[in-house]
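Chemist: Got a structure for you, written out below as structure tokens; questions coming shortly.
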Amino acid sequence: MNNAFWSLLRKELLLAVRQKTDVVTVLFFFLIVSSLFPFAVGPESNTLKLIGPGVIWVGALLCSLLALHRVFEADYNDGSLEHLILSGEPLTILVLAKIISHWLITGLPVVIVAPLIGIQFGLPPQSLLLLLGTLLLGTPVLSLIGSIGAGLTLGVRGGSALTSILILPFYVPILIFGAGAVVADLQGLTIDGHISILVAMLCLSVALAPLAIAGAIKIALE
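In our numbering, the protein residues as written are 91 to 312.
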């Protein structure tokens, strides 16, 4: 990683600190969405345990969608993206810095809070640890794939809605294997397949998503 990567990452995190309301809004949204389900389905413990992982994963997915429009939109509007391209630094590295900052701002707080929500659903300690692990593997993939959609819709009117439509089908496998690993563990089944697929998704996303996003940004600025 070069100096430009760390400088851009630091800049994005400083901006997030100055705009704390954006981070708080995403986290508050996750807490509200995840906490409403027990009131809707009732207090039956076995039911709550089975739906808990899925509810938490859906909440994490929606939080990622909620913040996607901010990944490149502000830089596109003020011309900063053009400066990034003209800087001479590899655009894929700079794009990766922005994606990591998006995950640190919106994904990591959700990962940290998720076990507390899991307690509300009655998940045992082992399942809470597994939930934490699957979210650590899966939420970066949500940011990486979501950023592809954000790059493809730069400058398009109603881009936020279009981004959601484009990327939601690609989020479904992450949701299935992320939540499915915890449910399988609760049912005494093996989880090796779920974890392996999540790791594979993460590796492929890290390798390919920055290239796709860099190409999409160049097209949007032409």
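Beta carbons are placed, not taken as given, at the ideal position from N, Cα and C, and that holds for glycine.
These numbers come from a predicted model, not from an experiment.
#1: Within this structure, are the beta carbons of Gly236 and Ser154 separated by less than 8 Å?
#2: Can you find the residues in the same chain that come closer than 8 Å, C-beta to C-beta, to Val113, ignoring five residues on each side of it along the sequence?
#3: Determine the extent of the alpha helix (DSSP H) in which Val131 is found, giving its start and end residues.
#4: Judging by CA-CA distance, which residue of Leu227, Ile141, Pro263 is the nearest neighbour of Cys293?
#5: Sorted by chain position, which residues of the same chain lie with C-beta nearer than 7 Å to Ser124's C-beta, five sequence neighbours on each side aside?
#6: If I follow the unbroken alpha helix (DSSP H) through Leu246, where does it start and stop?
#7: Could you pull the start and end residues of the alpha helix (DSSP H) that Thr137 belongs to?
#8: Alpha carbons only, please: which of Leu225, Leu174, Ser135 is nearest the one belonging to Ile266?
#9: Tell me the DSSP secondary structure of Phe260 in three-state form.
#10: Are Gln216 and Asp275 touching if we call contact CB-CB under 8 Å?
#11: Three-state secondary structure (DSSP) at Gln277?
#12: Under a three-way DSSP split, which group does Ser191 fall into?
#13: Quick one: what does DSSP say Leu213 is sitting in, helix, strand or coil?
Modeler: Answer, in terms of the structure:
#1: Cβ distance < 8 Å, so Gly236 and Ser154 count as in contact.
#2: Ala106, Ile195, Thr196, Pro199
#3: 110-131
#4: Leu227
#5: Val145, Ile146, Gly149, Ile207
#6: Per the sequence shown, residue 246 should be read as Val rather than Leu. Per DSSP, Val246 belongs to no alpha helix (DSSP H) and is neither H nor E.
#7: 135-157
#8: Leu225
#9: DSSP places Phe260 in helix when its eight states are reduced to three.
#10: yes
#11: coil
#12: In the structure shown, Ser191 sits in a helix (DSSP, three-state: H, G or I).
#13: coil
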